[in-house]
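K.L.:
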Amino acid sequence: MNQWQQDAWKFIEQKTYINNERIGAGFPHSVKNKHYVLESPQWWTAGFWPGILWRVYLKSKNESLRITAENCEEKMDYLLNDVELVDHDLGFMWTLTSVANYKITGNSKSRKRALLAANLLMARFNVKGNFIRAWNPWNKDDDNRGVVIMDSMMNLPILYWASEETGDPRFRNLAEEHAKTVLSNFVREDGSIYHTVIFDPETGEVVEKTGGQGFDVNSAWSRGCAWAIYGFTLSYKYTKNVEMLNAAKKVAHYFMANMQGKKYPLWDFRLPEDGSIKYRYPDSSAGAIAACGLLLLSKYVSEFEAELYADEGENMLKNLYLECATTGDLEEEGLLKHGTGHFMQQKNLDVPLIYGDYFFVEGISILNNEKMLFW
Ligand code: GLY
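Each residue of the sequence shown is one higher than the one before, starting from 288 at the first, in the working numbering.
#1: Just to confirm, does R557 get its C-beta within under 6 angstroms of one of the non-hydrogen atoms of the ligand GLY?
#2: Under three-state DSSP, which class holds A333?
#3: Since H482 and G501 are thought to touch, with beta carbons under 8 angstroms apart, how far apart are those beta carbons, to the nearest angstrom?
#4: On the CB-based measure, 16 or more other CB atoms within 10 Å of its CB, does L617 come out buried or exposed?
#5: What are the partner residues of P569, as DSSP defines its beta bridges?
#6: Under 6 angstroms from any heavy atom of the ligand GLY, does the C-beta of R420 make it?
#7: Who are the near neighbours of L446 in its chain, counting only those whose CB is closer than 8 angstroms to its CB and skipping five residues on each side?
#8: With H, G and I counted as helix, E and B as strand and the rest as coil, what does DSSP make of V343?
#9: Can you find the residues in the same chain that come closer than 6 angstroms, C-beta to C-beta, to R557, ignoring five residues on each side of it along the sequence?
#10: If you drop the 5 nearest sequence neighbours on each side, which residues of the same chain put their C-beta closer than 7 angstroms to that of A387?
#11: Could you give the residue range of the beta strand (DSSP E) that holds T497?
#12: Could you pull out every residue in the same chain whose Cβ sits closer than 6 angstroms to the Cβ of V538, ignoring the five residues on either side in sequence?
#13: Following the continuous beta strand (DSSP E) through I480, name the residue where it begins and the one where it ends.
#14: On a Cα-Cα basis, can you pick out the residue from L640, F647, E649 that is closest to Y323?
#15: What does a CB cutoff of less than 6 angstroms around Y645 pick up in its chain, not counting 5 residues either side in sequence?
#16: Do you know how far the Cα of E495 is from the Cα of P456?
#17: For the region 297-306 against the region 592-601, are there 3 or more C-beta pairs whose distance is under 8 angstroms?
#18: For P552, tell me which candidate among N528, G626, I419, N533 has the shortest Cα-Cα distance.
#19: Out of curiosity, what's the CA-to-CA distance linking Y596 and G580?
#20: Touch check for the region 409-427 and the region 465-475: three-plus C-beta pairs under 8 angstroms?
#21: Can we count R400 as close to the ligand GLY, meaning its CB is less than 6 angstroms from some heavy atom?
#22: Helix or strand or just coil, what does DSSP make of S317?
#23: Could you say which of A295, I354, I391 lies nearest to M659 if we only look at CA atoms?
#24: Is R342 close to the ligand GLY? I mean its beta-carbon at under 6 angstroms from any heavy atom of the ligand.
#25: Just the Cα atoms here: how many angstroms apart are M288 and V648?
#26: Confirm, please, whether the CB-CB distance from H375 to R411 is below 7 angstroms.
#27: Which word fits S563, buried or exposed, when buried means at least 16 other C-beta atoms lie within 10 angstroms of its C-beta?
#28: Quick check on DSSP: helix, strand or coil for K586?
#29: Go ahead and label I490 buried or exposed: buried means 16 or more other beta carbons lie within 10 angstroms of its beta carbon, across all protein chains shown.
#30: Would you decide whether A577 is buried or exposed? Buried here means 16 or more other CB atoms lie within 10 Å of its CB.
#31: Do you know how far the Cα of L402 is from the Cα of E452?
#32: I'd like the list of long-range same chain contacts for S652, defined as Cβ closer than 6 angstroms, with 5 residues on each side in sequence excluded.
#33: Is M531 closer than 7 angstroms to F519 when the C-beta atoms are compared?
#34: Using DSSP with H/G/I as helix, E/B as strand and the rest coil, what is V370?
#35: Just to be sure I understand the criterion: a residue counts if its Cβ is closer than 7 angstroms to at least one heavy atom of the ligand GLY. Which residues meet that?
#36: Determine the contact status of Q290 and N655, defining contact as a CB-CB distance below 7 angstroms.
Here is the structure:
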């Protein structure tokens, strides 16, 4: 284990203990003036803080972290009683809370919650289009019945877990069908991705591809690429469908090539080349997610490729630690500077983001020989 990896873990532990006292069982999302702004438990990011607590607990066994993580999980229970309050992010939210808790402690209540979440996610499947519907209407007149987004790939592991846990193949089969739909409609020839595809909910035909959180429809939102690297790798882990592995590799190569020697990625790899710096925001969260994806990808490929992906994943985490970590600033609650949440809505630009922090923690814990993945 390298010195920088040990230092990075110490930094993570120190911040997490301080944040446990300050944030407690809340749902942080992005940082303003050094402090995390809290969201409702309904927001898609609800699982990331408890996920950090569980990852640190894995090594420290500090009971106070476990108790806070379980309090967060309980605070999310009302959502599971109302199908109109949950969307496809059920995967993100209950993987890092209930699945994590069950895998670590065997908590039977957590197992039930996670299975309920998997059932609710499965119920969003559209059989004509073979996709899991992303969102409910945000506003009264929205029609989101056919919307699918790239991020959905990270919501599939709770379905794969449910099949393993119950022996019922339905969850896994349905997740694989969704992954195939995403593969054939989102991944471009060059390895970049579309963020959002809209299908006709009645026929399943593609209606439109849109820019989503990217700069425009043909741009390459870097966090979306990162979700694809990790998401397709995870689908390969559970299905052994080699098309998933190839998709992960294709996007990984696009991502690595577009780092262009930078320490951490820009929020979109295909920004206008008019010399303007007004669009050129960083997104450290994309780097952290991609790094975790690359580390896992390295486990499923031949020797030489394995070295390429493992080195790139490790390097990315090292650069994030050296360039973005908020070391030496105990007032700052975020772990990683330079995340960009939603450039197109001008929200959360160049700030710490809880999902960037989570994947940084996950990546460093894997480098420090922790074997358990919650996904
Ligand atoms: N849509 C989730 C994200 O910002 O990555």
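We treat Cβ as the ideally placed atom computed from N, Cα and C, and that holds for glycine. Since the structure is predicted, the reported quantities are computational estimates derived from the model, not experimental observations.
P.N.:
Inspection of the coordinates gives the following:
#1: no
#2: coil
#3: 5 angstroms
#4: exposed
#5: According to DSSP, which records beta bridges pairwise, P569 is partnered with L553.
#6: no
#7: G378, A405, L408, M409, F458, R459, L461, A462
#8: helix
#9: S506, A507.
#10: G338, W341, F661
#11: 493-497
#12: Within the same chain, G478, C512, A515, I516 come within 6 angstroms of V538 by CB-CB distance, once the 5 residues on both sides are set aside.
#13: Counting along the chain, I480 falls outside any beta strand (DSSP E), and DSSP gives it neither H nor E.
#14: The residue with the shortest Cα to Cα distance from Y323 is L640.
#15: F335, G338, I339
#16: 32 angstroms
#17: no
#18: G626
#19: 9 angstroms
#20: Short answer: they touch.
#21: Not under cutoff, so the answer is no.
#22: S317 falls in the strand class under three-state DSSP.
#23: For M659, the closest alpha carbon among the candidates A295, I354, I391 is that of I391.
#24: no
#25: 16 angstroms
#26: Yes.
#27: exposed
#28: helix
#29: Sequence inspection shows Thr at residue 490; the Ile mentioned does not correspond to that position. The residue is exposed, with fewer than 16 neighbouring Cβ atoms inside 10 Å.
#30: buried
#31: 9 angstroms
#32: Taken in chain order, the residues that qualify are R342.
#33: yes
#34: coil
#35: W331, I436, D438, Q500, R510, W514, G628, H629, Y642
#36: In this structure, Q290 sits away from N655, with a CB-CB distance that is not shorter than 7 angstroms.
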